[in-house]
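Here's the structure we're looking at; comments come further down.
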Amino acid sequence: MNDIEARLKDFYSGDMADRAERALDDERLRRVQAFTDRLRATGAGSVLEVGCGAGRDGLVLAGSGVAYTGVDLTPEAVRICRDRGLVAVEASAVDLPFADDTFDAAWSMSTLMHLPGDGLARALGELRRVVRAGGTAEIGVWGHSDPAERTRDDGRYFLHRSDEQLRAELEALGEVVAFATWGWKDDGKHYQWARAVVG
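For the sequence shown, the UniProt record's numbering assigns the number 1 to the initial residue and increments by one for each residue that follows.
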């Protein structure tokens, strides 16, 4: 485990119980519900969430009837998810402990921007490996109109990409069929969301 991962693990271990009590914001809830509708429409039977946190999205996904599995770097997140009746595994996004073609779909929100260097490329390679060709993957991260590495006062690392940079990197996963942004801040920070067909 590198220093960035260790700091993230420490931060989220101390913060996870509070996060478990927070409601999903309206846009996030709308997106995860639309994703579950797409899973049902395509007959997807299984979904992997990378960066499951306290299982807030996971409860919606599992409630849709698909076989849900979450992974998170933080043991406390995995414990909370399991306490909530979710299947969860402690693992890194860049080293997923699953066989090839295990899942029909993948979901990852507010996680992959914490990976330094080639971490996003490695995580996308892992998603492409474990999600069946033709499956759907939806990914959301915090980006910035001024792309850069940033470390917050609380020790959390972010690699903010521009919209163009993120779209280009996501092509490694498959065809990007939808892309949107919201939550723009005065400094150019904003949320980026994409849907890709894996393959």
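The beta carbon of each residue, even a glycine, is placed where N, CA and C say it ideally should be.
In terms of Cβ geometry, residue 181 and residue 165 do not form a close pair [threshold 8 Å]. Taken in chain order, the complete beta strand (DSSP E) segments of 3 or more residues contained in the segment 144-186 are 148-151, 157-160 and 174-182. For residue 16, the uninterrupted alpha helix (DSSP H) run begins and ends at 3-21, by DSSP. In the DSSP assignment, the residues bridged to residue 194 are 139 and 179.
Looking from the CA of residue 135, the closest CA among 185, 100, 115 and 148 belongs to 100. Non-local beta-carbon contacts of residue 184 in its own chain, meaning distances under 7 Å to residues more than five positions away in sequence, involve 190 in chain order. Membership of residue 67 in the beta strand (DSSP E) is indicated by the continuous run 67-72. Distance from residue 125 to residue 172 at the Cβ level is roughly 7 Å; contact confirmed, criterion being Cβ atoms closer than 8 Å.
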